[in-house]
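Using numbering that gives the first Met the number 0, you'd call the opening residue of the sequence shown number 0 and step up by one each time. No residue lacks a Cβ here, since even glycine has one placed at the ideal position from N, Cα and C. Source: prediction; values computed, not measured.
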Amino acid sequence: MASTETPAAAATNGGQATREEIAVENPATGQVIATVPDMSPDEVKAMVAKARAAQPGWEALGFAGRGRVMRRAQKWLLDNADRVMETIVSETGKTYEDAQLAEVSHGAAAFGFWAKNAEKYLADERVKSSSPLLLGRKLISRYRPLGVIGVIGPWNYPLTNSFGDAIPALMAGNAVVLKPSEITPLTSMLMAEALRECGLPEHVFQVATGRGETGAALIDEVDMIMFTGSTRTGKKVMERAAQTITPVSLELGGKDPMIVLSDADIERAANAAAYYSMQNGGQTCISVERVYVEEGVYDEFVAKVTEKVRALRQGNPSGGPGTVEVGAVTFPPQFDIVDRHVKDAIEKGAKAVTGGQGRRENGMFYEPTVLVDVDHTMAAMTEETFGPTLPIMRVRDAEEAIKLANDSPYGLGASVFSKDAARAEAIARRVESGAVVINDAMLNYSALELPMGGWKASGLGSRHGAGGIRKYCRQQSILVTKLAPKRDVHMFPYKARTSRVLLRLFKFIYGRGKRP
Ligand code: NDP
């Protein structure tokens, strides 16, 4: 099968599977909607070889040539938004609105952003040195594409988190082989078709469909791995990459806290809590996963959040935009994790003020659930749930909230709500996470200029901003000596007098600081 074949073309051959294949299900209906190949290590190797052969031509197009392809792809994405959203909705069970805002619009923004900014971020940099040995030399720091990048992605945002990381990698001049999650490969395949239509040379972007083993094989072949997924798998990826000293960038799990201070706009905080915990069915790495509320406003906050979450409509999103707010649970094992966290919390004394149950017939759905009377003995407060749940905990004051927010192995995102922006910012600076958002949540992801990455077990490296494209490059330093004597003073033969002069010079330059 061609590596960029369309989802439709990838469907079973009249039900006759001719090779190892993976059935792709619609999680909102339980029906199989397509099958894709389960690619072997040999197939991955062949794919990377083709990518390697195609890469120099792509790099030679320069930023302007590559940017033209990306801008065409941006237009393609908007012209084909309905088709893309349908594909995303069908393989994830998420709502149209979630596919539109956090995937199609993000993808369109990303094509434009990287087309415009790649050259600036990767421009040669002239630097000056303070070393007297380098007087008069020209020093340049430059970026070269690494070659072939392997992108391994999760199932929660097939466009944003799987395909999205390919965009800066391509703009840097690399070829990319993308291994999407085995349960959501169709969007990536559609985007491969899009890029081909937009003039991307053959084999510069390919999709390797398959399971974990396909991803593992990819690590062995490529020059760098951009991985998004669970912390558990991230460790395996790093271990495998260590065998070939392949650089990795890891975007892993999170347990994002929200802190609500007593001077917050409680109506806004409650709306944000309901939205940013339940959006995408809570299956977002930077979802609000736990809330700490100062005791003075706790009851009011809980009442408002409960009312808003209870009002959410959940179900099969196939009715189109505006029909449901919360869709299906995309990944079957995730359903069990969500259910385990809710049951564990209730067994230990928590109460579900709304929701608390799931169903697995005709699709997988877990009710939007608000838990109260929670504490840190419960998995719902300490482990990543990744589902439509919101545990809310009462705290004495901001100090206790900060302490509990930081009592986590994760550090991806966080939010603080207060009308006193300066106080909220001071608190934000004490929270141990890669991003902290004030009077909002999650929106930092849309700021493509800002680095997005996790602290602690939430990851290594970041996406977006200058670092989000430089990581796909090798850095090369160039030092040019133009006007120079036949022999520099430090060269052979060594002479005692020259050494003494040099020592005096170094003492003069470096030895003038006062001793404590
Ligand atoms: P997984 O870690 O299970 O899988 C991620 C990808 O890795 C999938 O494509 C998977 O393939 C593949 N894979 C599995 N085993 C291996 C292996 N041994 N070597 C190489 N690749 C492998 O994550 P999920 O798909 O369950 O995604 C959910 C997780 O992703 C959550 O923890 C979430 O927080 C995190 N995430 C983090 C984000 C961030 O930006 N920090 C953003 C979005 C999600 P297959 O699916 O076929 O098994």
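Just verifying my parser: in three-state terms, what is the DSSP assignment at residue i?
i	result
Q333	helix
Q475	strand
E288	strand
R496	helix
D78	helix
Q282	coil
A149	Checking the sequence shown, residue 149 turns out to be Gly, not Ala. Strand at G149.
F204	strand
A349	coil
Q99	helix
D262	coil
A1	Interpretation of A1 is limited by its pLDDT of 32, a score under 50 that renders its predicted location unreliable; the figure taken from the coordinates is listed afterwards. Coil, per DSSP.
W454	strand
R359	coil
Y156	coil
K178	strand
D255	strand
Q73	helix
With distances taken Cα to Cα, identify the nearest neighbour of residue i among the options.
i	options	result
A465	V500, P316, I426 and W113	W113
V31	S407, L459 and G362	G362
R239	K506, I218 and L251	I218
P200	E294, A216, E220 and A174	A174
E266	E181, R422, T368 and D439	D439
I426	S476, F505 and V259	V259
I139	H375, T243 and L121	L121
V371	T381, G348 and L447	G348
Y409	V430, E424 and D419	V430
A268	Y493, V304 and T322	V304
Q205	K234, P256 and G149	G149
W154	K137, G209 and V296	G209
E383	T353, K342, Q333 and E399	Q333
T230	R358, K455, L501 and A495	K455
S461	L411, V83, K49 and M441	L411
M69	G467, I477 and M190	M190
P331	F162, R141 and G92	G92
Within 10 angstroms of the Cβ of residue i, are there 16 or more other Cβ atoms? Answer buried if so, exposed if not.
i	result
F594	The requested residue 594 is not part of the displayed model; the chain covers only 0 to 515.
D123	exposed
L134	exposed
F491	exposed
Q474	exposed
L194	buried
S498	exposed
I224	buried
R428	exposed
V325	buried
R486	exposed
I244	exposed
H375	exposed
V126	exposed
E24	buried
T186	buried
F110	buried
D97	buried
G64	exposed
Any heavy atom of the ligand NDP closer than 7 angstroms to the beta-carbon of residue i?
i	result
R239	yes
W154	yes
S180	yes
F385	yes
F334	no
T227	yes
A215	yes
V394	no
S457	yes
I139	no
R210	yes
V175	no
K254	no
E250	yes
C197	no
L523	The structure shown does not extend to residue 523, since the chain is modelled only from 0 to 515, so the question has no answer here.
V236	yes
P453	Strictly speaking, residue 453 in this sequence is Gly, with Pro absent from that position. It does: the Cβ of G453 is within 7 angstroms (strictly closer) of some heavy atom of the ligand NDP.
C472	no
N405	no
F330	yes
I87	no
T516	Outside the shown range of the chain, which is 0 to 515, sits residue 516, and nothing can be said about it.
N160	yes
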